[in-house]
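Numbering (my numbering), first residue to last: 62 to 153.
Quick look at the structure:
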């Protein structure tokens with residue numbers, strides 16, 4: 062699990078607090094409250110967690126050049142749970 066990147070709050074600005082880490086000990090992250098909108102965007106590697114940015118300034122690869130995958134969803138925290146806002150119509 063890459064540690065240089067994390068999910069985040071999203072609202073008036075694209076990147077807002079809180080930072081949403083994709084690793085750690087359960088119960089130690091930020092308290093999620095109804096009305097918060099967050100991104101969840103882990104990057105998982107078959108090899109080591111270390112990454113580097115290519116000269117284009119955008120592309121991220123693993124230093125060991127092993128396979129890696131990244132995905133993202135936007136989630137609304139609700140009183141009774143959560144709603145994934147980025148699911149397609151056929152996924153709801």
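Even for Gly, the Cβ is constructed at its ideal location relative to N, Cα and C. In this text, all values refer to a predicted model and were calculated from it rather than measured experimentally.
- Leaving aside the five residues that flank residue 108 on each side, the residues in its chain whose CB is nearer than 7 Å to its CB run, in chain order, 123, 125, 127.
- Shown here, residue 151 sits in a helix according to DSSP, grouped into three states.
- When the Cα atoms are used, residue 98 and residue 141 turn out to be separated by approximately 15 Å.
- DSSP places residue 134 in the strand class (E or B) of the three-state scheme.
- The beta carbons of residue 63 and residue 103 sit closer together than 9 Å.
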